[in-house]
Amino acid sequence: MKAQILFILCFIFNVTIAKEHYQFRHLTTSDGLSDNEVIAMLKDNEGFLWCVTSSAINRFDGYNVKQYLKTEDGTNLSTSVSQILIDKDNNIWIERFGYYFTYNRERDLFVNAQPLLQKYQLHSGANLQTIITDDHNNLWSYNGETMKVYSFSTQQSHTIEDLPENITFFSVKKDKLFYIDGNNNFHITDLLHKHTNVIIPLNEVLGTEKFLSYKFYVDDNLDIWIYSSNTEGLWLFSQNTKNTWKLRTIGKNTLLLKNKVISICEDNFHKIWIGLEYDGISIYDKEKQQHTHISQNLSPYSLGSNKVWCFYYDDENTMWVGTMRNGISYYNPHFFSFSKTMLPSTYDTSCQVEDHEHNLWIGTDGDGIYKVDPNGNITTFKKEQNNSFSNKINCMHVDAQNRIWIGTYLDGFGYYQNNCFHQQPFSDKFPRNPINNSIWSITEDNKGNLYLGNLKCGLHIFNPETGYFHTFTPQNSNLLDAHVMNVFFDKKRSVYMATCNGTHVLNTENHEIKSIRHNSKKSQFIQDTIQNNVYMDSRNLLWMGGREGLTVFDMRLDTIYYLNKSHRLEGNFVRGITEDNNQNIWVVTTDGVTKIEIQVDQHRHGYTFHCLPYAKNDGLQTSDFVHNSIYKSQNGHIIVGGNGGYYDINPNTKYYKNISRVIFTELKVLDTTINVDSLYSHHKILSQNIELTDKITLKYNQNTFKLSFSTMDYVRTHDIRFSYRLSGTSDQWISLESNYIAFNNMAPGTYELEVRATNSGGLWSNPSTLLIHIEPPIWLSIYAKILYLLLVITLFSYVWYRKEQKHKRRMHYKEMEFEAKKQHEIDEMKLNFFTHLSHDFRTPLSLIIAPLEEVLKTHQSEDIKPNLNIIHKNALALLNLVNQILDFRKIEIQEMKLHPEKGDYIEFIGDIIKHFSVYATTYQITLTFEKEIDTLSMAFDKDKMHKVLMNLLSNAIKYASTPGKITVKIWAEDEKVFTSVADNGKGIEDNEKCKVFDAFYQIADEKSSYGSGIGLHIVKELLSLHHGDIHIEDNLPTGAKFIFYIPITPMEQIVETECHIQPTEEEMVSLESDGKSENLDQNTLLIVEDNQDLRLFLSDSLKKEYHIFSAVDGLHALSILKKEHIDMVITDIMMPNMDGIELCHAIKSDIKISHIPVIMLTAKNDIEPLVSR
């Protein structure tokens, strides 16, 4: 292949590279400064910068400016403050119209300095002219005649003797007093030996006019710099011998000859900063005897104004420059991590390489190539007119033979060697054309083969010695994308390619291409498919840069890491990657530069990554970096291309200030700045400066506030990060994005606030602590809480008392309930006893009444008949009492059922009254029946209503007068039928009317002693079954009237209850039934009864008409039924062994005897229990 040699050198010129050594930051009115005319500056021991302007005293903490406009006594500080200084006790002094004021740190205001001057025994009052401090910060005062000095180490003052009058300017340094008298004679007095040994007549030596007013500056070598605001020029007196001084020249500097010098200051590098009236600053290097001129230009980091008025040099090597037009400009060599080397070009720097002679080759994006030699001389290579080689340089590479290989945009690639450019033609198989001639990246393997990434046509392999050329595309290989953005050879026979479809790796031995998509376990996947850069570092970590950040692949541990802006990467769009000699990774993105420190993670057996971002605050004048614009030079520096130049970064240069502590600088409550002793809502919050305060107390309605703080680091302020921790809310440190904390609606209580800061190296300071007490509202104060506690105790005591009373009542109720229960059990026992006794009485009563009635029917002897009638009457009364007891028992156990029947209610009542009329006559009582209606057909339980009326009539007869009258009246009203029974007896007291219906209640009367006390109770309950009721009224003039009602139920609504028994051929009949059995002539009758007397009585009564068999129980009866022909069985129900129900069931279950009718006898007065079985 024949190489085409092109001579494209257009012009070569040598210049000294212009580096911006002095880059300033600025503090102006836009940052809070009162105005831009700065008169004087200093820093106090706390680190605050104090600045005197033409309108106020300003204090700067690195973030905010606070202005002081008046003194304690109201003196206006907005004009004519000409001096500010600080003594060894950290007292700040200012002078206004010859009067001095000092700063009271505790009260945060300026006060009259007279008491302090008197304390130090210095001049004071109207005679005082000047106060200065020496290099030990002792105080010196002069009143026009004498000079006094106060030593803070000895705490004594003394007077300097033998001084001339009218000293116009003086200074003290290294135990020497320098001053100018009224005749412009310069004096130097040795304070240790107390004699003046140098006198220089300035007008004579300098050849100036007598009326000039001189000032001077004494540097660290005791060289004297003399200047005057009345004339141009600067003079230097150096100590020639011990006792002689010589006027020296300061080089040929026309700036000093044509400008007035306003102020002078020396830095720690023995450079003299000279402030000029209109031409900025001249910096004189005494060692090199060279001047550097600094003036205002268009750069944002240039001097703010050319009219310099004052200097102040602090302990952090920061030079503060006060100007008369644009506030303060301040410089520190550590302000910016980067200094930019400017090129004679306005184009972006796209790539850099260093050849074997340490020449730096810089490609630009449209302005050709620049070569910078080690001496800073620049050679420019640009495209000639009508030449085909492009000025748009994409990439460069230096091979082993020191050839500079160059990849261009649309013009292929070539190399530079021996002062000639050689354009390399493509192979015949891959012809050169604009579409495929954009080479984006070049690398070289250990055999001298070049690997070229093509923007659109894949990967090329080219051997310059043999001419071998091969191209890998998606069509002829496993390459997934033809856009190869970056290539990298890892020294292990692999070439990595960054493409628009992921990262690929080429084995240089067998040319096999593989795509890297995930780790071997497929547990992690590479998220960013569009890759711009690829780099293998010294740890064998593969770095892949895309548009969404960095992907780091640790192939040894098969682990993938991701880094982006959330990890403090300065932007996500990666433009270039390299590694420094300290194994730190440097990444350039579209937004800036990031240094990544890598540490081994012992716990996770992997790596941790700490990102240190750099942007405009670090001196970067551009943030839009281009592809491949980062390179590591042979001396280990990182070269980053920018617009119109490049940045040379020394990775070993660090600035880490040890942050001593965080200082609280301001308190705001609801956007109102709180000053010392000021009232906020009639409440004094600060009694001393917030810097000195360890506790603040706020009202409950002042719980929205803001606290500001600072570390007084003016050099790397943008690197400072704050975090805080608030006890009572969280134990975790919370990161802050600014230098303040805003609290909103804090709950009342006491909190401990801790604030700490980290410097640019990531070191945390010790936390500063502030106690914050939020007072509760009056309703939540301690007194209110005591009151609440007393109220709670009172309430608790009351609740406890009520609970105890309730407990006592409950216990009393339980006791009463227990007693009632016991009484009820006793009553139940009694009632059960009487019930059983009543059941037992009914059988004997039946044996009494039945024979007695037979006797009354058959025996008509008049002698015994009255006695028999008495027996019969009382036996019936006893039977009625027994029935009442049984009815009461059924009511108590809720077994009483209603059995309504169809009937005429008026006729029913009339029949009962007719029956009772005869009985009432025997007691000389007239029974009258009154009715408003003649007939009323309805449904009612005749048996129960019979008992109701019988009880009421019996009661009326019992309590009626003799002779007496009882009136029964019936009427209908509102679908109810009312019945009243009224007597003319004594009546019932009102307090007893509601009690007479209670069980066992008896009126205290001699007649009541004969009753049981349950009759009226039964009446009320029977009426309740009918859904009726009863009450008592007075029967005027005397007597009682019982009025009851039941609802009128129409005939058609009658429903037979479950207890109603339909007549059958075999109907059960009790002894109390009125039904009569059929006459069964000489039929065989089986009587089953366990009571012998009753069994014999029944047998005797029926033996005339029946053939009688008898049995004592059911079992006995079944044995007879199996042997004899029985036509009918009469059996009792309650019997031992087998009762009547079981006997009946056995008979009806046996087909042989199931035809035999059975009559069941019972002492019970209800048939429901029989039916239920």
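According to full-length UniProt numbering, the sequence shown holds residues 1 to 1173 in order. Backbone N, C-alpha and C define an ideal beta-carbon position, used for all residues, glycine too. None of the values given here were measured: they were computed from a predicted structure.
Residue 645 is bridged by DSSP to 342 and 642.
The way I'd put it, the stretch 284-293 doesn't touch the stretch 327-345; fewer than three beta-carbon pairs between them come closer than 8 angstroms. Relative to residue 992, the option among 789, 1033 and 971 whose CA is nearest is 1033.
For the pair residue 527 and residue 551, the CB atoms are nearer than the 9 angstroms cut-off. As the crow flies, the alpha-carbon of residue 650 is around 9 angstroms from that of residue 338. As DSSP reads the structure, residue 195 sits in a beta bridge with 190. Residue environment analysis places residue 756 among the buried positions, since at least 16 neighbouring C-beta atoms fall within 10 angstroms of its C-beta.
For residue 988, there is no enclosing beta strand (DSSP E), as DSSP gives it neither H nor E. The DSSP-derived three-state label of residue 498 is strand. For secondary structure counted as the beta strand (DSSP E) over 3 or more consecutive residues, the stretch 1021-1049 holds these complete runs in sequence order: 1029-1034 and 1040-1047.
Listed as beta-bridge partners of residue 1132 by DSSP are 1161.
With the rule of 3 Cβ pairs closer than 8 angstroms, the stretch 703-717 counts as touching the stretch 657-667. In the structure shown, residue 1017 adopts helical secondary structure according to DSSP, grouped into three states. If you look at residue 115, you'll find it in the alpha helix (DSSP H) that goes 114-119. By the Cβ neighbour-count rule, residue 544 is buried, with 16 or more other Cβ atoms within 10 Å of its own. In the same chain as residue 403, and ignoring 5 residues on each side of it, the C-beta atoms closer than 6 angstroms to its own belong to 415 and 417, in chain order. Here residue 566 carries a helix assignment [DSSP, helix/strand/coil]. For the stretch 772-809, there is no continuous alpha helix (DSSP H) assignment of 4+ residues that stays within its boundaries.
Nearest to residue 75 by alpha-carbon distance, out of 573, 95, 60 and 87, is 95. For a cut-off of 8 angstroms, the C-beta gap from residue 925 to residue 970 is around 19 angstroms, too long to register as a contact. The three-state secondary structure of residue 532, taken from DSSP, is strand. Relative to residue 1094, the option among 847, 1121 and 148 whose CA is nearest is 847.
For residue 96, the enclosing beta strand (DSSP E) covers residues 92-96.
DSSP, reduced to helix, strand and coil, places residue 381 within a strand of the structure shown.
Per DSSP, residue 156 is one residue of the beta strand (DSSP E) stretching across 156-160. A distance below 9 angstroms separates the beta carbons of residue 607 and residue 539. Residues of the same chain with a CB within less than 6 angstroms of the CB of residue 980, apart from the 5 flanking positions on each side, are 969, 1041 and 1043 in chain order. Of the residues assessed, residue 742 falls on the exposed side of the cut-off, its CB having fewer than 16 other CB atoms within 10 angstroms. Only residues of its own chain outside the window of five on either side were considered, and among them 1087, 1108 and 1110 have a CB closer than 8 angstroms to the CB of residue 1099, listed in chain order. The Cβ-Cβ distance between residue 84 and residue 147 does not fall below 9 angstroms.
Residue 498 and residue 341 have their C-alpha atoms some 30 angstroms from each other. In the three-state reduction of the DSSP assignment, residue 1144 falls in the helix class, which pools H, G and I.
Distance from residue 102 to residue 86 at the Cβ level is roughly 10 angstroms; contact not present, criterion being Cβ atoms closer than 8 angstroms. Residue 127 and residue 137 do not touch by the CB rule: their CB atoms are close to 24 angstroms apart, not below 8 angstroms.
The count of Cβ pairs closer than 8 angstroms, one atom from the stretch 717-737 and one from the stretch 687-698, stays below three, leaving the stretches out of contact. With a cutoff of 9 angstroms on beta-carbon distance, residue 754 and residue 797 are scored as not near each other.
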